[in-house]
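Going by the working numbering, the first residue of the sequence shown is number 1, and it counts up by one from there.
Where a beta carbon is used, it is the ideal one built from N, C-alpha and C, also for glycine.
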Amino acid sequence: MKNRRKLLPLGIKKRTTTELPALVALAAVGQPWFSEQHLTDLMVVAMVSQLASEPDSEVHRVAMDLFERLGRDELVLEEIRPLVLATNEWIQRQPNGRIQDAIDRLMRAGKQPNAG
Numbered sequence: 001m002k003n004r005r006k007l008l009p010l011g012i013k014k015r016t017t018t019e020l021p022a023l024v025a026l027a028a029v030g031q032p033w034f035s036e037q038h039l040t041d042l043m044v045v046a047m048v049s050q051l052a053s054e055p056d057s058e059v060h061r062v063a064m065d066l067f068e069r070l071g072r073d074e075l076v077l078e079e080i081r082p083l084v085l086a087t088n089e090w091i092q093r094q095p096n097g098r099i100q101d102a103i104d105r106l107m108r109a110g111k112q113p114n115a116g
């Protein structure tokens with residue numbers, strides 16, 4: 001029997017797992033309680049958006065810009081806020097299966113042993 005994923009109805013996502021972590025992380029930028037988990041939550045939004053979007057699309061470019069800015073030594077809230085909000089909003093409008101496929105690809109890539 002084929003393993004089936006349980007998806008929410010079209011357009012309905014678990015906001016506590018897809019939207020809220022990034023918004024909490026965004027609020028934490030520049031605060032003394034900002035942690036690696038907050039940075040990871042922001043990076044996940046960027047990576048999922050990159051994987052789920054068309055390579056030449058606007059959201060793909062925004063997600064790549066966000067990911068690059070998140071890799072800098074200092075995060076500038078005014079620079080990353082509009083990028084996080086744009087990618088987060090785009091994710092919420094996508095079919096659930098498309099986003100879940102991108103998440104699954106990230107999870108599989110994370111489980112592969114490092115080459116070299």
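- Under the three-state reduction of DSSP output, residue 65 falls in the helix class.
- Apart from sequence neighbours up to five positions away, the residues of its chain that approach residue 29 with a beta-carbon distance below 6 Å are 75, 77, ordered along the chain.
- The residues 45, 46, 49, 59, 62, 63, 66, in chain order, have a CB closer than 7 Å to that of residue 87 in the same chain once the five nearest residues on each side in sequence are set aside.
- A direct Cα-to-Cα measurement between residue 101 and residue 71 gives close to 24 Å.
- With distances taken between CA atoms, residue 81 lies nearest to 39 out of 39, 96, 108.
- Excluding sequence positions up to five before and after residue 103, its CB lies within less than 7 Å of the CB of 48, all in the same chain and listed in chain order.
- Across the set 36, 84, 54, the C-alpha of 36 shows the shortest separation from the C-alpha of residue 73.
- Using a 10 angstroms sphere on the CB of residue 94, the tally of other CB atoms reaches 16 or more, which defines it as buried.
- Under the three-state reduction of DSSP output, residue 79 falls in the helix class.
- Taking C-beta atoms under 8 Å as the contact rule, residue 22 and residue 42 qualify, at a distance of about 6 Å.
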